[in-house]
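Note that the protein sequences, when read in sequence, are chains A and B. 0 is the number of the first residue of the first sequence in numbering that gives the first Met the number 0; add one for each residue after it. 0 is the number of the first residue of the second sequence in numbering that gives the first Met the number 0; add one for each residue after it. A virtual CB, placed ideally from N, CA and C, is assigned to each residue, including glycine. Encoded as structure tokens, the structure appears first; notes follow it.
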Amino acid sequence: MQSTSRQFKDNAHRALNDATLQRALGNVKTGFQEKRAQVVSELPEFEALRDAGRDIKNHVLAHLDFYLERFEENVTANGGHVHWCRTPAEARETILEICRRREAKTVTKGKSMVAEEIGLNEYLEEHGVEPIETDLGEYIIQLRHEPPSHIIAPAIHVTREQIADDFRKHHTDLDPNRRLEEPRDFTDEARAKLRERYFAADVGITGANFLIAETGSTAIVTNEGNGDMTQLLGKAHVVVASLEKIVPTLEDASTILRLLARSATGQEMSVYTSFSSGPKRDTDMDGPEEFHVVLLDNGRSAMLGTEFQDMLRCIRCAACMNHCPVYAAVGGHAYGWVYPGPMGSVLTPSLIGVEEAGHLPNASTFCGRCESVCPMRIPLPKMMRHYRQREFEKGLAPQKARAGLSVWSYFATRPGLYRLVTRLATGLLGRMGRGKGRFSSLPLAGGWTSVRDMPAPEGRTFHDLYKERAAAGGRS
Amino acid sequence: MAQSTSANPSSSSDASSSSATAPRVGLFVTCLVDMFRPSVGFAALKLLEDAGCTVVVPAEQTCCGQPAFNSGDNKDARAVAAQVIEAFEGLDYVVAPSGSCAGMIREHYPELFADDPAMAQRAQHVAKRTYELTSFLVDVLGVTTVDAAMSGTITYHDSCSGLRELEVKTQPRRLLAGVEGLTITELPGAEVCCGFGGTFCVKYPEISDKMVTNKAEEIVATGADTLLAGDLGCLLNMAGKLKRLGAETKVRHVAEVLAGMTDTPAIGDPKEER
Numbered sequence: 000m001q002s003t004s005r006q007f008k009d010n011a012h013r014a015l016n017d018a019t020l021q022r023a024l025g026n027v028k029t030g031f032q033e034k035r036a037q038v039v040s041e042l043p044e045f046e047a048l049r050d051a052g053r054d055i056k057n058h059v060l061a062h063l064d065f066y067l068e069r070f071e072e073n074v075t076a077n078g079g080h081v082h083w084c085r086t087p088a089e090a091r092e093t094i095l096e097i098c099r100r101r102e103a104k105t106v107t108k109g110k111s112m113v114a115e116e117i118g119l120n121e122y123l124e125e126h127g128v129e130p131i132e133t134d135l136g137e138y139i140i141q142l143r144h145e146p147p148s149h150i151i152a153p154a155i156h157v158t159r160e161q162i163a164d165d166f167r168k169h170h171t172d173l174d175p176n177r178r179l180e181e182p183r184d185f186t187d188e189a190r191a192k193l194r195e196r197y198f199a200a201d202v203g204i205t206g207a208n209f210l211i212a213e214t215g216s217t218a219i220v221t222n223e224g225n226g227d228m229t230q231l232l233g234k235a236h237v238v239v240a241s242l243e244k245i246v247p248t249l250e251d252a253s254t255i256l257r258l259l260a261r262s263a264t265g266q267e268m269s270v271y272t273s274f275s276s277g278p279k280r281d282t283d284m285d286g287p288e289e290f291h292v293v294l295l296d297n298g299r300s301a302m303l304g305t306e307f308q309d310m311l312r313c314i315r316c317a318a319c320m321n322h323c324p325v326y327a328a329v330g331g332h333a334y335g336w337v338y339p340g341p342m343g344s345v346l347t348p349s350l351i352g353v354e355e356a357g358h359l360p361n362a363s364t365f366c367g368r369c370e371s372v373c374p375m376r377i378p379l380p381k382m383m384r385h386y387r388q389r390e391f392e393k394g395l396a397p398q399k400a401r402a403g404l405s406v407w408s409y410f411a412t413r414p415g416l417y418r419l420v421t422r423l424a425t426g427l428l429g430r431m432g433r434g435k436g437r438f439s440s441l442p443l444a445g446g447w448t449s450v451r452d453m454p455a456p457e458g459r460t461f462h463d464l465y466k467e468r469a470a471a472g473g474r475s
Numbered sequence: 000m001a002q003s004t005s006a007n008p009s010s011s012s013d014a015s016s017s018s019a020t021a022p023r024v025g026l027f028v029t030c031l032v033d034m035f036r037p038s039v040g041f042a043a044l045k046l047l048e049d050a051g052c053t054v055v056v057p058a059e060q061t062c063c064g065q066p067a068f069n070s071g072d073n074k075d076a077r078a079v080a081a082q083v084i085e086a087f088e089g090l091d092y093v094v095a096p097s098g099s100c101a102g103m104i105r106e107h108y109p110e111l112f113a114d115d116p117a118m119a120q121r122a123q124h125v126a127k128r129t130y131e132l133t134s135f136l137v138d139v140l141g142v143t144t145v146d147a148a149m150s151g152t153i154t155y156h157d158s159c160s161g162l163r164e165l166e167v168k169t170q171p172r173r174l175l176a177g178v179e180g181l182t183i184t185e186l187p188g189a190e191v192c193c194g195f196g197g198t199f200c201v202k203y204p205e206i207s208d209k210m211v212t213n214k215a216e217e218i219v220a221t222g223a224d225t226l227l228a229g230d231l232g233c234l235l236n237m238a239g240k241l242k243r244l245g246a247e248t249k250v251r252h253v254a255e256v257l258a259g260m261t262d263t264p265a266i267g268d269p270k271e272e273r
């Protein structure tokens, strides 16, 4: 996927002035948060589970080679294939090759952020294979030719009215005057449309929430059952997953599953949790004839052993973006690449470079709410700060900011001089602002006063007043 | 370099109001309080002295270093942090009327010096003794009530660093409950960031504006006549937006109310006519 992260400010400006988007974001802001809070409060061991989840992933990341090889052995033993892909291009070509061998005209797809990361849909289309998204949200944005704006609710930026328009525009065989108002109307219509496509599909492509080393299984969670249909009805099932999805055992997957839906949608469990362990066996009633796991690295192994390794614990629950005030203000598209919100602000520079995505780790107040809800206890603000350090060291931080910091630091490390300067500035501003108590514009403070007033200082510095008080002998 | 190792020094103090066992507290004024609102510093001073502390205000303090630290400039952040450590390490406690600055010292100073064991140890020593004002009063000194009165209804914003780095949540409310004549009405979304974020608010003014506008609307909707919080950065941001929107809500630092020092104009209000 082509990044527009460099234009984050322009993207954000557009998003903030898009009334429809703002309405869509406003509708959902509290939904996820309240549901999560409720379901977490009902599980006394939730905090202990977070520790357990973090520990499982830390263990895996310390022994990643071992578990990935074990996974491959077991997939192979089950009759499947693992394809190791270093780059998005390798992953795309591998998948296209499988499709070509099956002479596939259409493929059904379960929701996969890794498929977005490698630009799979566009690539397949260019090569004569039609991809059909089967997750309702993904289906909607596919009709709209948009990327997802959220990792678990890809069409969160779209209003009901817009969906109704899109359905009427694309489903031209249906009664133009049909009712399209409630979520039920949309799901029923999409379901009927998609049903035909499942049976026609030659290949089913899904992502994975887990790769399980001990059994060679992959697992996905969905609420619509579309994952099961995708992986069972196609003649070949292709799983596209990034390598950090690996866990050692089914038990470990169960532990993390208890965190996943609670953190994501505020459900105890997703409606469907589906495991795939190879192609159809002779004794199976049905299932795919082929089973492939396309294992993508795309820069992740380079994060191992760095200050960004902890990011590889991420289970893509979206709790961070659901609780992020910046995400709530600008939505997911502003971030300019596949992964938005706080997790994206760390992962995106890791995968496509801090030169390209430098805005993202800066566009945070470090309010820390993301870290406080992250089920894997990923220190997201700390890692964003590490990126700011890298930018600063590489000289990528804006020149004005660097110059400002040098001046500030010069005075801040010379208390005597600092007192003098603050005394003068405070006195001046205090006198200027005396009448009104605030400034509606101030030279050099346009970033502040463009959107809010600047309260005026009281007029004397604390240190000056304190010195006077001490000289006068004690308490005021 | 002198290192204080005792949390409860028996050394006598020269401050007239203290007894021999009074804890020696270094007031970290914070740069914003120093420049914008010294009243908050004097309110903190009064609260600490009333609680029996001997308060010292080291002259060699300027800022905690967050502007540099949060901009990725660790070299300058370390220089400022070293100055704070040197100025405060001989005292029993460091107290700041700010969760953000206290959080910086407590949570981030040790990591700033991770590559310098000697400094890391000194940073750790100071970090362990550093508290946000209301949390120090309640959690360390066991203060349960204050001698203050203010009639009206307040609402409270939980500033992010204090809340999430230092778990400051119940302490200010507990103390406010003892202020005579005061009613507290909770702010929905009290734990959501106001959009200040240090340099964030000037680097990304449009996003900051959206956040602080939401916040201001929620504040006005509570019907409270005064907004309180424990961090002046957030307060300047929220007061600035409330003023820009023409709201009547007064804005003050929680310490002013707890110390009974509310005769000064509220944040962003004109000085009274003489």
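Beta-carbon neighbours of residue i, restricted to chain B and to distances below 7 Å
{"i": "A:Met453", "result": "Gly239"}
{"i": "A:Ser449", "result": "Pro204"}
{"i": "A:Trp336", "result": "The contacting residues do not exist; A:Trp336 stays about 18 Å from chain B at best."}
Of the residues the options, the one placed nearest residue i, counting alpha carbons only
{"i": "A:Glu355", "options": "A:Cys366, A:Leu142, A:Gly343", "result": "A:Gly343"}
{"i": "B:Thr182", "options": "B:Gly151, B:Cys193, B:Asn73, B:Gln170", "result": "B:Gly151"}
{"i": "B:Glu179", "options": "B:Phe35, B:Glu88, B:Ile206, B:Ala148", "result": "B:Ala148"}
{"i": "B:Gly161", "options": "A:Lys381, A:Gly367, A:Gln6", "result": "A:Gly367"}
{"i": "B:Ala126", "options": "B:Gln65, B:Asp115, B:Glu106", "result": "B:Glu106"}
{"i": "B:Val250", "options": "B:Tyr155, B:Val39, B:Leu227", "result": "B:Leu227"}
{"i": "A:Glu188", "options": "A:Ser349, A:Thr229, A:Cys313, A:Ile139", "result": "A:Ile139"}
{"i": "A:Asn16", "options": "A:Gly330, A:Gly472, A:Arg401", "result": "A:Gly330"}
{"i": "A:Arg183", "options": "A:Lys168, A:Ala200, A:Tyr197, A:Ile162", "result": "A:Ile162"}
{"i": "A:Asn77", "options": "A:Asp296, A:Gln308, A:Phe290", "result": "A:Phe290"}
{"i": "A:Arg413", "options": "B:Thr248, B:Gly245, B:Asp75, B:Leu132", "result": "B:Asp75"}
Own chain residues within Cβ distance below 6 Å of residue i, not counting five before or after
{"i": "A:Gly49", "result": "In the sequence as displayed, the identity of residue 49 of chain A is Arg instead of Gly. Closer than 6 Å at the Cβ level, and outside the excluded window around A:Arg49, lie Pro374, Arg376."}
{"i": "B:Val142", "result": "Ala50, Leu136"}
{"i": "A:Ser475", "result": "A caution first: A:Ser475 carries a pLDDT of 45, below 50, which makes its placement in the model unreliable, though a value can still be read off. Arg468, listed in sequence order."}
{"i": "A:Leu123", "result": "Pro130"}
{"i": "A:Pro153", "result": "Gly136, Glu137, Ile140, Pro147"}
{"i": "B:Ser97", "result": "Thr29, Asp230"}
Same chain, Cβ closer than 7 Å to residue i, neighbours up to 5 away in sequence not counted
{"i": "A:Ala207", "result": "Thr217, Ala218, Ile219, Val238, Ala240, Lys244"}
{"i": "B:Ser5", "result": "Confidence in B:Ser5 is poor, its pLDDT being 38 and thus under 50, which makes the residue's placement too unreliable to answer from."}
{"i": "A:Tyr66", "result": "Val59, Ala212, Ile245, Pro247"}
{"i": "A:Thr3", "result": "Asn10, Gly335"}
{"i": "A:Glu223", "result": "Asp134, Leu135"}
Interface partners of residue i on chain A, CB under 8 Å
{"i": "B:Pro264", "result": "Gly436"}
{"i": "B:Lys249", "result": "Those do not exist, as B:Lys249 stays about 11 Å from chain A at its closest Cβ, beyond 8 Å."}
Interface partners of residue i on chain A, CB under 7 Å
{"i": "B:Lys209", "result": "Leu15, Ala328"}
{"i": "B:Leu111", "result": "Within 7 Å Cβ-Cβ: nothing; B:Leu111 doesn't reach chain A, min ~11 Å."}
{"i": "B:Tyr155", "result": "Within 7 Å Cβ-Cβ: nothing; B:Tyr155 doesn't reach chain A, min ~17 Å."}
Proximal residues of chain B, C-beta to C-beta of residue i below 9 Å
{"i": "A:Leu464", "result": "Pro37, Gly40, Phe41"}
Same chain only: Cβ atoms within 8 Å of residue i, ignoring 5 sequence neighbours per side
{"i": "B:Thr198", "result": "Pro66, Asn69, Ser70"}
Amino acids of chain B, ordered along the chain, whose beta-carbon sits closer than 8 Å to that of residue i
{"i": "A:Arg459", "result": "Pro37"}
{"i": "A:Pro414", "result": "Ala58, Glu59, Gln60, Thr61, Gln82"}
{"i": "A:Ala11", "result": "Tyr203, Glu205, Ile206"}
Contact list for residue i against chain A, beta-carbon separation under 9 Å
{"i": "B:Pro269", "result": "Gly432, Arg433, Gly434, Lys435, Gly436, Arg437, Ala455"}
{"i": "B:Asp115", "result": "Within 9 Å Cβ-Cβ: nothing; B:Asp115 doesn't reach chain A, min ~16 Å."}
Check your understanding: In chain order, what residues of the region 355 to 372 of chain A put their CB closer than 8 Å to some CB of chain B?
Key -> Asn361, Ala362, Ser363, Thr364, Phe365, Cys366, Gly367, Arg368, Glu370, Ser371
Exercise for review: Would you mind listing the alpha helix (DSSP H) stretches within the region 162 to 201 of chain B that are 4+ residues and don't spill past its ends, in chain order?
Suggested key: 169 to 175
**Study point:** Interfacial residues, the region 62 to 83 of chain B to chain A, with Cβ spacing under 7 Å
**Key:** Cys62, Pro66, Ala67, Asn69, Ser70, Gly71, Asp72, Asn73, Asp75, Ala78, Val79, Gln82
Practice item. Using a Cβ-Cβ cut-off of less than 9 Å, give me the residues of the region 55 to 66 of chain A that come near chain B, in sequence order. Key: none
**Study point:** Contact list for the region 383 to 403 of chain A against chain B, Cβ threshold 9 Å
**Key:** Taking a C-beta cut-off of 9 Å against chain B, the contacting residues of the region 383 to 403 of chain A are Arg384, His385, Tyr386, Arg387, Gln388, Arg389, Glu390, Phe391, Glu392, Ala396, Pro397, Ala400, Arg401, Gly403, listed in chain order.
Exercise for review: Give, in chain order, every unbroken run of the alpha helix (DSSP H) that is at least 4 residues long and sits entirely within the region 20 to 46 of chain B.
Suggested key: 30 to 35
Point to revise | Near-chain B residues of the region 272 to 292 of chain A (beta-carbon distance less than 8 Å), N- to C-terminal order | key: Under the 8 Å Cβ criterion, the region 272 to 292 of chain A contributes no residue.
Check your understanding: At a Cβ cut of 8 Å, what residues of the region 176 to 197 of chain B count as close to chain A, listed as they run along the chain?
Key -> Listed by position along the chain: Glu190, Val191, Cys192, Gly194, Phe195, Gly196, Gly197.
Practice item. Quick one: which unbroken alpha helix (DSSP H) runs of 4-plus residues sit fully inside the region 359 to 406 of chain A? Chain order, please. Key: 368 to 372, 379 to 393
Review point. In chain order, which beta strand (DSSP E) runs of at least 3 residues are fully inside the region 114 to 160 of chain A?
Key: 129 to 132
Check your understanding: Could you give the uninterrupted runs of the alpha helix (DSSP H) lying entirely in the region 11 to 90 of chain A, keeping only those of 4 residues or more?
Key -> 18 to 40, 45 to 61, 63 to 76
Exercise for review: Report the residue ranges of all beta strand (DSSP E) runs contained in full by the region 206 to 245 of chain B; include only those spanning at least 3 residues, in chain order.
Suggested key: 225 to 228
**Study point:** Members of the region 159 to 170 of chain B near chain A, C-beta cut-off 9 Å
**Key:** Cys159, Ser160, Leu162, Arg163, Glu164
Practice item. Pick out the complete beta strand (DSSP E) segments inside the region 289 to 314 of chain A, 3 residues or longer, and give them in chain order. Key: 289 to 295
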